[in-house]
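All remarks here apply to the structure that follows.
Protein chains: 2
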Amino acid sequence: MKYIEKLRNSGLRPTKQRLQICEVLFNSEKTFHFTINDLDQKIKKQISDKISLATIYNTVHAFEKKGYLKQIPINSNQIYFDTNISDHHHFYDLKEEKLIDLENADVGPINILKKINGKKIKSVEVLVKLED
Amino acid sequence: MKYIEKLRNSGLRPTKQRLQICEVLFNSEKTFHFTINDLDQKIKKQISDKISLATIYNTVHAFEKKGYLKQIPINSNQIYFDTNISDHHHFYDLKEEKLIDLENADVGPINILKKINGKKIKSVEVLVKLED
DNA sequence: GTAGTACTTTATAATGATTCTAAAAAGGTG
DNA sequence: CACCTTTTTAGAATCATTATAAAGTACTAC
Ligand SMILES: [Mn+2]
Ligand SMILES: [Mn+2]
Ligand SMILES: [Zn+2]
Ligand SMILES: [Zn+2]
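Chains as they are written, first to last, in the numbering used here: chain A, 161 to 292; chain B, 161 to 292.
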C-alpha cells in the first residue's frame, strides 16, 4: 500500500487506523486546513470503520511530530492543522473563519534584521487577517 | 486619576477593579506579553484587593475590544495578550516559551502580492520561531 | 507458526482554560 | 436619595484536549 512505507520509515506501525487517516489526509489533490473536529467529520464521511477520537488525536500528533502535518499559529479555541507542509503563509478571513494559503512567492522576501543571542530562526510565518 | 477619562471615553465605567487592572497593565515603563494566568498572578502581587478571575477575563476582553490590548496569534493552550498595541511582530522562543517583540523596522517591508476578491487586509503579523 | 514484547487503539475519565449564570454590588443621573 | 444600568462575583457549565489503563495488534525471535 501507498502509505505503509511512509509510516514504517518514520517508526510508526502501519495500523489500519493510521492508513485510513492517511487516505483522508494525503490522498486528495489539494492540501487543506483542518481542526480535529473537521477531520473527525471527514473520516466519518469517507471511512466506514469507526476510528476513536483518541486515535485521531494521537495520530495527528504523531504525524505532526514526524513532519507530515503542520500546526498553524492562530488564535482559535481549536488547533488548526495544515496538510501543506511547505514553507508558506496564510490569510485568515475573519468573517468566514477560514484559512487561505499564501505561497512564499506571494509575499516578498522577509528579512529579519534583529538577532537573538544564541538562538536560531526555525520558521517565519506570516498571518494576514482579512476583513470585508 | 490617570485612567478614569480613558475608560469613560470608551464607555466603560471606571470601577475600582478596572482602574487597578489599568495600573498593572499600563503603568509600567515597558510593554509586556501575558496570559490571563500571568495577569492574575501579577495582580495578586501588586494589588491588595482581591479581583475575581471572572472580572479579569471580562476586563481584558473589554480592553481588547476597545483596542487597549492585542491578542497575539500563537498556538498555546492559553491566549497571549500584548500591552504593546503598535503594529509589530514577534519572536517566539520555543524553549523558554516566551515572546519577544520584533519592531516593524526589524523586519523588512512586507508586500502581500496576492489579493482576495472583496477583502481588505486588516493586519499582517509575523511570527518567528526560535530554537537553540 | 507461536510466544513474547512493545506499540496502538479505545472507552472513559480527568484536566484546565474559558465562558456562562444569576444574584449582589456599585456607578451614574437627576 | 431613588432609579436604572452596568459591573462584579462565586460558582457552575462548557468543551477541546490529554491522561488512563485495559484490550487488541504488529513485529521479532525462535
Ligand atoms: Mn462512515
Ligand atoms: Mn506564562
Ligand atoms: Zn496552509
Ligand atoms: Zn509584542
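The C-beta atom is built at its ideal place from N, Cα and C for all residues, glycine as well.
Quiz item: What number of angstroms, rounded off, separates the C-alpha of residue 202(B) from the C-alpha of residue 188(A)?
Solution: 49 Å
Self-check item: Against chain B: residues of the region 268-283 of chain A by CB proximity under 9 Å
Solution: 268, 269, 270, 271, 272, 273, 274, 276, 278, 279, 280, 281, 282, 283
Quiz item: Does ligand 4 have even one heavy atom less than 7 Å from the beta-carbon of residue 242(B)?
Solution: yes
Practice problem: Could you tell me whether any Cβ in chain A is nearer than 8 Å to the Cβ of residue 238(B)? | Solution: no
Quiz item: Can residue 259(B) be considered in contact with ligand 4, in the sense that its beta carbon sits closer than 7 Å to one or more heavy atoms?
Solution: yes
Quiz item: Using a Cβ-Cβ cut-off of 8 Å (strictly less than) and excluding sequence neighbours within five positions of residue 231(B), which residues of its own chain qualify?
Solution: 224, 239, 240, 241, 242
Quiz item: With which residues is residue 286(B) paired in a DSSP beta bridge?
Solution: 286(A)
Quiz prompt | Spatial distance of residue 283(A) from residue 272(A) (CA atoms) | solution = 11 Å
Quiz item: If you check the beta carbons only, do residue 280(B) and residue 266(A) fall under 8 Å apart?
Solution: no
Exercise. With DSSP as the reference, label residue 217(B) as helix, strand or coil.
Key: helix
Quiz prompt | Closest residue to residue 303(A) among 226(A), 206(A), 212(A), 290(A) (Cα-Cα distance) | solution = Given that chain A is displayed from residue 161 to residue 292, the structure contains no residue 303(A) and the question cannot be resolved.
Quiz item: At a cut of 8 Å, does the region 248-262 of chain A reach the region 214-224 of chain A through at least three beta carbon pairs?
Solution: no
Practice problem: Give the DSSP-derived three-state secondary structure of residue 272(B) in the structure shown. | Solution: strand
Self-check item: Identity of the residue in 219(B), 245(B), 183(B), 190(B) nearest residue 171(B) by Cα
Solution: 219(B)
Self-check item: residue 178(B) versus residue 195(B) - alpha carbon distance
Solution: 17 Å
Self-check item: CA-to-CA distance, residue 176(B) to residue 234(A), given in whole angstroms
Solution: 33 Å
Quiz prompt | 8 Å CB neighbourhood of residue 286(A) in its chain, flanking five on each side removed | solution = 249, 250, 262, 267, 270
Quiz item: Mind checking if residue 292(A) is an interface residue toward chain B, Cβ cutoff 8 Å exclusive?
Solution: yes
Exercise. Would you verify that the beta carbon of residue 254(B) is, or is not, closer than 8 Å to some beta carbon of chain A?
Key: yes
Exercise. Would you tell me roughly how many angstroms separate the C-alpha atoms of residue 181(B) and residue 208(A), rounded to the nearest one?
Key: 53 Å
Exercise. Would you mind working out which of 191(B), 162(B), 161(B), 163(B) sits nearest residue 244(B), comparing C-alpha positions?
Key: 191(B)
Practice problem: Reducing DSSP to helix, strand and coil, say where residue 223(A) ends up. | Solution: helix
Quiz item: Going along the chain, which residues of the region 195-228 of chain A sit with their C-beta nearer than 8 Å to a C-beta in chain B?
Solution: none
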